[in-house]
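Chains as they are written, first to last, in the numbering used here: chain P, 3 to 325; chain L, 3 to 325. We put the beta carbon where it would ideally sit given N, CA and C, even for glycine. Fair warning: this is a prediction, and the values are worked out from it, not measured in the lab. Right, one structure below, let's go through it.
2 protein chains.
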Amino acid sequence: MNTRLLRYFLAVADTGSLTGAARVLFVSQPALTKQIGRLEAQLGVALFTRSRTGMVLTEAGQALARRAPALVDACEQALRETKSAASRAARVLRVGFIASAANEATQQIIAAFTDAQPGWRVDMHQAPWSDPTAGLADGEVDVALLRLPFPGQESLRVEVLLTEPRWVALPATHPLADRDRVAFRELWDEPFVAAPAATGPWRDYWLAADEREGRPVRIGATTDQPDDWLQAIANGYGVALAPESAARFYARPGVAYRPVTGVSPSHIGVAWPPAGGGDPAVRRFVRCCLRARTAATTGETREAGTVDSDELTTGTDSERNHR
Amino acid sequence: MNTRLLRYFLAVADTGSLTGAARVLFVSQPALTKQIGRLEAQLGVALFTRSRTGMVLTEAGQALARRAPALVDACEQALRETKSAASRAARVLRVGFIASAANEATQQIIAAFTDAQPGWRVDMHQAPWSDPTAGLADGEVDVALLRLPFPGQESLRVEVLLTEPRWVALPATHPLADRDRVAFRELWDEPFVAAPAATGPWRDYWLAADEREGRPVRIGATTDQPDDWLQAIANGYGVALAPESAARFYARPGVAYRPVTGVSPSHIGVAWPPAGGGDPAVRRFVRCCLRARTAATTGETREAGTVDSDELTTGTDSERNHR
DNA sequence: GCGCAGACATAACCATCGGTTATAGAAGCA
DNA sequence: TGCTTCTATAACCGATGGTTATGTCTGCGC
C-alpha cells in the first residue's frame with residue numbers, strides 16, 4: 003500500500019471526478035484512471051461507481067475514505083519525526099525562513115543560539131513564497147522565521163518578533179517612484195506582482211485584498227522567489243507590497259521602494275510545531291528570538307522618534323541600518 | 003511512502019542484518035540493499051550504520067522503527083475494513099475454513115444462516131494449511147471455521163463447536179495400518195507429513211510435539227493442502243495425525259486412518275475478529291454455529307455408546323456417517 | 001601471513017509500474 | 001446534429017523492484 007495511491011483516491015473522492023482530481027494533483031487523467039483501477043484491483047473491491055457525471059464512492063469506498071486521511075497523516079508524521087530525529091542526532095537545528103528572515107536580528111539570534119547550545123549548528127533553509135511556512139508545515143525544519151499571517155498558522159506555535167510597515171516596490175520608471183510616500187488607494191488599479199495562487203490567504207495579504215474596499219486586484223505577474231520577484235518588478239510587470247526592510251535587503255537597480263499609507267504593517271514571527279516544544283534546542287532558539295525581540299523593540303522604540311521622518315525621506319535607510 | 007518499504011525496513015531493523023532480513027522476506031539481499039538505500043534517499047536520512055557485523059539503527063532509524071509498526075498495522079486495518087465493507091454492501095458473508103470445516107455440521111450452519119439472514123449469500127473460502135486462520139487474520143473473511151489451537155488465536159473471539167479425537171493417517175501399506183488402534187508412542191520415530199514451517203505452533207500441534215516427551219520429530223514431507231497431504235501419505239513419505247472426521251472427508255485409496263491413543267483431541271471452533279462483533283451478519287452466523295453445536299453435541303452424546311466400539315473397528319465409518 | 005567465510009555493495013539485466021500524449025466512446029445539451 | 005465533457009484505452013517511455021553474478025572488506029582459524 004502506497005500513500006500516493008491513497009492521496010489520489012482521496013482527491014478523486016473529494017472532487018467526485020477523475021478529470022477534476024487529475025487537475026488538482028497535477029497528473030494526467032489517464033494516469034489517475036489507471037492508478038484508481040490498480041487500487042481497486044489490489045483491494046479486489048470497487049471503490050467508485052462510474053457515471054458520466056463523475057465518480058461516486060461505493061460503500062467500500064466510503065469506508066476507505068473515512069480511514070485514509072488519518073493514514074496519510076500518520077505516515078507523514080512518522081517521516082517528519084524521523085527527519086527531525088536525524089537532525090537532532092546530528093546536533094543541527096533546521097531553521098526555515100522567508101526572504102530576509104528576521105532582518106538584521108537574524109545574525110544576532112543565530113549567534114545567541116550557537117552560544118547557548120554549544121556543539122550545535124544551524125541550517126538555514128530559505129523557502130520560496132509558495133511555502134509560507136518555510137518547510138515547517140511538512141517537518142522539513144524544526145523552527146522558522148516567517149512573515150505573518152500565513153496559512154496553517156493556527157496549528158503552530160507563533161510569537162511575533164518584529165513589526166514593520168509595508169512599503170511598495172515599484173519599477174524605478176514608475177510615475178509614483180518619485181513620490182515620497184504613496185497612498186494605497188493610488189495603487190488599487192496598478193497591476194501587482196503576486197505570490198503563487200496556491201498560497202491563498204498569504205497571497206491575499208500581500209495584495210492587501212482586505213484593504214481595497216472591494217476593488218478587484220489586477221495581477222501583472224506571479225513569482226515564487228525574491229529574484230524572480232525583483233526581476234518582474236524591474237521589468238515593469240507590476241508593483242508589489244513589501245516589508246520596509248526589503249529596501250535594505252533587496253535594493254536593486256530598477257526597483258524603487260516607497261512608504262505606503264493605508265495598509266496595515268507586516269509582522270515577522272518565530273514559529274514552531276506544538277510537538278517541537280519538547281525539543282530543548284527549539285525551545286532555546288525561541289528564547290533567543292524573544293530576547294532579540296526585546297532588544298530590537300527597545301532599540302526601535304528609541305529610534306522611532308528620529309526615524310519616522312527620516313524614513314519618509316526614503317533612500318538612505320540601508321546605510322543607516324547597516325551601520 | 004510505501005508499506006512494503008516500511009516492512010522491509012522493520013525486518014532489517016529486527017534482524018540487524020540485510021542478509022538475514024532478505025531470507026525472512028523471501029527476497030534477494032541486493033534487492034533489500036537497494037530498497038533500504040532508496041528509503042534512506044527518499045528521507046534524506048541515514049537509518050542504519052553499516053558495519054561488518056550487520057546493520058544497526060541510527061537515532062533516526064530508531065525513531066522510524068518506533069512508528070512504523072503502528073503505521074503498517076493501521077494501513078492493513080484500513081484495507082481490511084474496506085474489503086469488509088464491500089462484502090457487507092453486497093450482502094455476502096465471507097466464511098473461511100480449513101479442510102472439512104465443521105464437518106457434517108457445516109451444511110446445517112450455512113442453511114440456518116441463510117434462513118436467518120434472508121437476501122444474504124455465504125462465500126466459503128477454503129484455506130491452505132499455511133493460513134490456519136483461513137484468512138481471518140488478514141481480513142479476507144468475516145468469520146472462520148477453524149481447527150484449534152491456531153496462532154493468533156488470542157486476538158480473535160473463538161467458540162469451540164466440536165471436539166473429535168485425533169487419529170493417524172498412514173500409507174495403506176504401512177505395518178501399523180492393519181492395527182485397530184495405535185499408541186502415539188509407536189509413531190514417535192515415524193517420518194511425519196507436516197504443515198509448512200511458517201505455521202509454527204499449529205504445525206507443532208499436528209505433530210503433537212508436546213506429547214513426544216522430548217523425542218525429536220522426523221519430517222518426511224511438508225504439504226500445504228489436503229490433496230498434497232493425501233498424496234504425500236499415499237506415497238509413503240510419512241504418516242500424519244488427522245481429525246477422526248478425515249476418515250470420512252478424505253477417504254482415499256492408499257491412505258488408511260486409525261485411532262490413536264495418547265494424544266489430546268482436536269477442536270473445531272468458530273472464530274471472528276473482536277471488531278466483527280458489531281456486524282449483525284457475523285453475530286447471526288456465530289449464533290447459528292452455537293445452535294449447531296448444541297444439536298451436534300447432544301446427538302454425539304447419544305451416539306457415543308454405540309459408536310465407540312464401532313469406530314475402533316475402523317473402515318466403515320464413512321458409510322455410517324454418510325447415511 | 002594466508003586463505004576462507006560472511007556481510008554489504010555494485011553491475012547487468014528484465015518485467016512491471018507510473019507517467020505521458022493521443023484517441024475512442026458515451027451521454028448531456030444547445 | 002454537433003459540441004462539450006466525462007471516463008476508458010492504446011502506445012510509448014523512464015523509473016522502480018526484482019533477479020543473478022560478482023566485488024570488496026573484514027574477522028577468524030590455521
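Phe194 (chain L) is bridged by DSSP to L:Ile221 and L:Val241. Neighbours of Ala62 (chain L) in chain P, taken as residues whose beta carbon is under 8 Å from its own, are Thr84, Lys85, Ala87, Ala88 and Ala91 in chain order. Chain-ordered, the chain L residues with CB closer than 7 Å to the CB of Cys77 (chain P) read Met3 and Leu73.
DSSP places Phe28 (chain P) outside both helix and strand once states are collapsed to three, so it counts as coil. Taken in chain order, the complete beta strand (DSSP E) segments of 3 or more residues contained in the stretch 106 to 188 of chain L are 123 to 129, 145 to 150, 159 to 166 and 168 to 173. Contact with chain P is found for Ala70 (chain L), since one of that chain's Cβ atoms lies less than 8 Å from the residue's Cβ.
Closer than 9 Å at the C-beta level to chain P, one finds these residues of the stretch 22 to 51 of chain L: Gln44, Leu45, Gly46, Val47, Ala48 and Leu49. In the three-state reduction of the DSSP assignment, Val74 (chain P) falls in the helix class, which pools H, G and I. Across the structure, Trp231 (chain L) and Thr225 (chain L) are spaced so that their CA atoms are roughly 5 Å apart.
Tyr259 (chain P) carries a strand assignment under DSSP once its states are collapsed to helix, strand and coil. Sorting P:Pro198, P:Arg123 and P:Leu164 by C-alpha distance to the C-alpha of Asn105 (chain P) places P:Leu164 at the top.
Linking Pro198 (chain P) to Ile221 (chain P) through their CA atoms gives a straight-line distance of about 11 Å. A residue is called buried when at least 16 other Cβ atoms come within 10 angstroms of its Cβ; Thr5 (chain P) meets this threshold and is buried. In summary, Glu246 (chain L) is buried, with 16 or more beta-carbon neighbours lying within 10 Å of its beta-carbon over all protein chains present. Arg40 (chain L) carries a helical assignment under DSSP once its states are collapsed to helix, strand and coil. C-alpha of Ser157 (chain P) to C-alpha of Gln31 (chain L): approximately 43 Å in a straight line. By the beta-carbon neighbour count (other beta carbons within 10 angstroms, threshold 16), Asp144 (chain P) is buried. Relative to Ser102 (chain L), the option among L:Gly137, L:Val74, L:Gly63 and L:Gln128 whose CA is nearest is L:Gln128. In chain order, Gly264 place their CB closer than 7 Å to the CB of Arg187 (chain P), counting only its own chain and leaving out the 5 sequence neighbours on each side.
In chain L, no part has a C-beta under 9 Å from the C-beta of Leu12 (chain P); the shortest such distance is about 12 Å.
By alpha-carbon distance to Glu142 (chain P), the top candidate from P:Ala80, P:Ala114 and P:Leu34 is P:Ala80. A contact is defined here as three or more CB-CB pairs under 8 Å, and the stretch 112 to 125 of chain P fails this definition with respect to the stretch 54 to 74 of chain P. For Leu292 (chain L), none of the residues of chain P pass the 8 Å Cβ criterion, the least Cβ distance being about 29 Å.
At a C-beta separation below 7 Å, Leu81 (chain P) has these neighbours in chain L: Met3 and Leu45. Flagged as an interface residue toward chain P: Leu66 (chain L), by a C-beta distance shorter than 8 Å. Taking a contact to require three or more Cβ pairs closer than 8 Å, the stretch 169 to 178 of chain P and the stretch 242 to 257 of chain P qualify as touching. Distance from the CA atom of Thr84 (chain P) to the CA atom of Gly280 (chain P), rounded to whole angstroms, is 15 Å. The beta carbon of Thr35 (chain L) sits closer than 8 Å to the beta carbons of Leu20 from its chain, once the five residues preceding and following it are set aside; these are given in chain order. Counted as a single uninterrupted DSSP element, the beta strand (DSSP E) harbouring Ala273 (chain P) occupies residues Ser268 to Trp274.
For Arg250 (chain P), the enclosing alpha helix (DSSP H) has its first and last residue at Ala248 to Phe251. Taken through DSSP and simplified to helix, strand or coil, Thr51 (chain L) comes out as strand.
For Leu209 (chain P), there is no enclosing alpha helix (DSSP H), as DSSP marks it with neither H nor E. In this structure, the alpha-carbon of Pro167 (chain L) lies about 17 Å from that of Ile100 (chain L).
Spatial neighbours of His176 (chain L) in its own chain (CB-CB distance under 6 Å, excluding positions within 5 residues in sequence) are not present. For Pro276 (chain P), same chain residues with a beta-carbon under 8 Å away, outside a window of 5 residues either side, are Ser157, Leu158 and Arg159 in chain order.
By the C-beta density criterion, Arg93 (chain L) is exposed, having fewer than 16 other C-beta atoms within 10 angstroms.
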